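Note that the numbering used here has the sequence shown beginning at 441, numbered continuously upward.
Glycine included, each C-beta is placed from N, C-alpha and C at the ideal position.
All of these numbers come straight from a predicted model, not from anything done at the bench.
This report refers to the structure that appears directly beneath it.
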Amino acid sequence: MGGPLDWARAKFRPQPQSPDHGGLSDRLSDPLGFMGYDGPQDASRAGNGRSEKKSRRGRSRRSRGGGTWGKRPDESSDDGSSPQVAAAPGSGPTVQGQAIVQGKYPDWSDPECEGHTREASKGHDADYDDDPAEEDVYIVRQKYGYCSIFFSAVQTIVLVVMMWQCRVAPLQINPMVGPYPDALNYWGAKNAVLIIEDGERWRLVTPIFLHAGVIHLLCNASVQLETGAFFEREWGSGVWLTVYLLSAIGSSILSSCFMPNSISVGSSGAVMGLFGAKLSEVFCRACESQRTRQERIGHEVRMEQLNGVLCSVTLVGLFSFIPYVDWAAHLGGLVAGMTVGLVTFSFSIKSKMYVGIWFIIGVGSTVTAFILALKYMYNEVEPADELRDVCGYYKQYFEDYECNCQLGN
441 MGGPLDWARA KFRPQPQSPD HGGLSDRLSD PLGFMGYDGP QDASRAGNGR
491 SEKKSRRGRS RRSRGGGTWG KRPDESSDDG SSPQVAAAPG SGPTVQGQAI
541 VQGKYPDWSD PECEGHTREA SKGHDADYDD DPAEEDVYIV RQKYGYCSIF
591 FSAVQTIVLV VMMWQCRVAP LQINPMVGPY PDALNYWGAK NAVLIIEDGE
641 RWRLVTPIFL HAGVIHLLCN ASVQLETGAF FEREWGSGVW LTVYLLSAIG
691 SSILSSCFMP NSISVGSSGA VMGLFGAKLS EVFCRACESQ RTRQERIGHE
741 VRMEQLNGVL CSVTLVGLFS FIPYVDWAAH LGGLVAGMTV GLVTFSFSIK
791 SKMYVGIWFI IGVGSTVTAF ILALKYMYNE VEPADELRDV CGYYKQYFED
841 YECNCQLGN
């Protein structure tokens with residue numbers, strides 16, 4: 441996919457750190473002395489003879505930027521971590537914390553430059569935020585999407601082990617190139633009769649680790665490792681994991697409500713939850729100020745992401761009717777992600793009054809949706825009792841069906 445995913449291909453590096461405040465580290469990360477340095481202004485810091493008027497304008501822009509202005513390059517951010525740099529291909533400013541640092545190319549023949557990344561100093565000697573010669577750099581919270589990588593790896597391992605232990609079903613039984621349906625049930629697929637009547641509530645979560653086959657896994661893992669991983673770098677692993685797991689539970693609950701007589705698996709519902717949370721983020725930040733360059737870049741990225749998310753939701757909806765994957769799970773994940781996203785991203789709104797309003801709406805809608813869905817599932821749904829024996833159920837429809845993954849084997 442294009443659009444917002446192009447930002448995920450940028451390089452993410454921590455800024456060089458050094459206790460020598462006047463040495464190489466300052467020249468690389470703060471070549472023009474824009475970061476609150478009060479010492480002597482030599483030629484490299486003053487921008488080769490820039491006028492006092494321009495320096496005052498630079499400081500004025502700094503005062504509006506907020507974030508980490510005024511911190512020295514060797515200082516860590518408020519949470520104790522080193523700021524991350526997201527540098528898109530090309531030349532232009534680099535990013536430290538919430539600050540865009542502009543400067544000239546250093547002399548890379550200088551022995552002191554050895555071992556330092558060029559991304560730390562690329563840029564142009566520009567006085568205005570809107571200089572077209574500058575490259576656009578988007579700030580994210582962390583370097584990698586750790587949870588996205590972890591879940592994708594676990595899902596791959598589980599499918600390989602499941603296919604090795606329970607064999608691969610013929611294509612007429614499972615066109616996704618995967619195991620028999622009873623194997624999916626044995627490993628923890630969503631089975632409404634076992635959840636509702638036998639109390640196996642853990643099956644509301646375990647389907648995200650399972651996939652119907654290789655094709656199903658490739659589709660979901662590719663989205664997780666591209667879009668999902670970039671969302672995690674934007675939000676942080678904690679927010680990402682919360683949205684992912686609650687969306688997975690919501691998808692399983694709604695699937696049990698509206699498709700109780702089917703076995704379903706996959707992380708599609710959780711992925712749809714990530715899309716839903718992104719929609720909520722775009723909504724909560726739609727009226728955010730665009731006075732600074734970074735705010736404008738963030739707004740443009742979110743608009744591109746909005747288009748990509750809407751396209752992805754449409755495509756995932758088209759895959760909702762393949763074997764062992766249902767539309768109700770996708771819808772449940774999307775709704776859960778949107779409500780949880782309202783809770784999470786309401787804090788990004790500048791107005792305290794609207795923070796409170798949308799936080800209350802988010803919490804209320806999340807709690808209400810889960811309570812109503814659970815109440816309907818336990819009081820109204822009557823799943824088919826024959827799905828207790830998944831192997832026997834599918835033997836009714838396929839003469840060559842083999843039961844290779846039963847507890848008694």
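Whether residue i touches residue j by CB criterion (9 Å)
| i | j | result |
| --- | --- | --- |
| L686 | V780 | yes |
| V386 | T784 | For residue 386 there is no data in the structure shown, the boundaries of the chain being 441 and 849. |
| G618 | V594 | no |
| N721 | R742 | According to the sequence provided, residue 721 is Glu. The question's Asn does not apply to it. In contact: E721 and R742 (Cβ atoms closer than 9 Å). |
| I636 | P823 | yes |
| L650 | L599 | yes |
| V821 | C697 | yes |
| P647 | S592 | no |
| S704 | A769 | yes |
| F715 | V679 | no |
| L624 | M602 | yes |
| W767 | L782 | no |
| I589 | A710 | no |
| E841 | Y620 | What sits at residue 841 in the sequence shown is Tyr, not Glu. Yes, Cβ-Cβ distance for Y841 and Y620 is below 9 Å. |
| R733 | W675 | no |
| A632 | M778 | no |
| G773 | L665 | no |
| A652 | M616 | yes |
| V663 | S760 | no |
| R828 | D638 | yes |
| K630 | S729 | no |
| T596 | L657 | yes |
| C606 | N819 | no |
Start and end residues, alpha helix (DSSP H) containing residue i
| i | result |
| --- | --- |
| F810 | 792 to 820 |
| D638 | That residue, D638, is in no alpha helix (DSSP H); it is neither H nor E in DSSP. |
| W767 | 767 to 785 |
| W680 | 677 to 698 |
| H656 | 654 to 663 |
| G832 | 830 to 835 |
| I737 | 733 to 758 |
DSSP state of residue i mapped onto helix, strand, coil
| i | result |
| --- | --- |
| V577 | coil |
| S704 | strand |
| P619 | strand |
| V608 | strand |
| K583 | coil |
| A448 | Here the model assigns A448 a pLDDT of 37, short of 50, so the residue's position is not dependable and the matter cannot be decided. |
Residue i burial status per 10 Å Cβ neighbour count (16 or more: buried)
| i | result |
| --- | --- |
| P700 | buried |
| F422 | Any property of residue 422 remains undetermined from this structure, which presents the chain solely from 441 to 849. |
| R673 | buried |
| M712 | buried |
| K718 | buried |
| I579 | buried |
| V830 | buried |
| W604 | exposed |
| A809 | buried |
| W642 | exposed |
| C587 | buried |
| L694 | buried |
| D622 | buried |
| G796 | exposed |
| Q612 | exposed |
| Y626 | buried |
| L812 | exposed |
| T754 | exposed |
| L771 | buried |
| G804 | exposed |
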